[in-house]
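Have a look at the structure below, then the notes.
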Amino acid sequence: MMKLVVERASNKVPGCHMVGADAPEIIQGLAVAVKCGATKAQFDATVGIHPTAAEEFVTMRDKRPAPEATLAAERGHDAGVTGTH
């Protein structure tokens, strides 16, 4: 399991998570990028070492919907629309 945490407003990566084989070694390498304020675009522009598990951190492309969009979908209406049901 791997996850990049990305701030929507700045596109910066303030953290990452990994569970699995070699996680400590991989996370230590990513810690430098996070500490330096790397953005998601910089992760995307990085060529991954293939074949390794670590390359997954620079090939992640799916982003999660905004929390308000998820909540709106659960309630059955568009995000940003207010009112009562």
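Straight run, no breaks: the sequence shown in numbering that gives the first Met the number 0 ends on number 84. C-beta: ideal position from N, C-alpha, C; glycine also.
What are the partner residues of Thr38, as DSSP defines its beta bridges? Translated into positions along the sequence shown, residue 38 becomes position 39. For Thr38, which the question treats as bridged, DSSP gives the partners Lys11.
Using only alpha-carbon positions, find the residue among Val57, Lys2, Cys15, Ala30 that is nearest to Ala40. Here residue 40 refers to the residue found at position 41 when the sequence shown is read from its first residue. The option with the nearest alpha carbon to Ala40 is Val57.
Taking a contact to mean a Cβ-Cβ separation below 8 Å, would you say Val12 touches Val33 in this structure? By one-based count along the sequence shown, residue 12 stands at place 13. By one-based count along the sequence shown, residue 33 stands at place 34. If you check the CB distance, Val12 and Val33 come in under 8 Å.
Met0 and Glu55 closer than 8 Å at C-beta: Indexing the sequence shown from 1 puts residue 0 at position 1. Indexing the sequence shown from 1 puts residue 55 at position 56. Result no, Cβ atoms of Met0 and Glu55 do not sit closer than 8 Å.
Rounded to the nearest angstrom, what separates Met59 and Leu3 at their Cα positions? If you number the sequence shown from 1, residue 59 lands on position 60. If you number the sequence shown from 1, residue 3 lands on position 4. Answer to the nearest angstrom: the Cα atoms are 8 Å apart.
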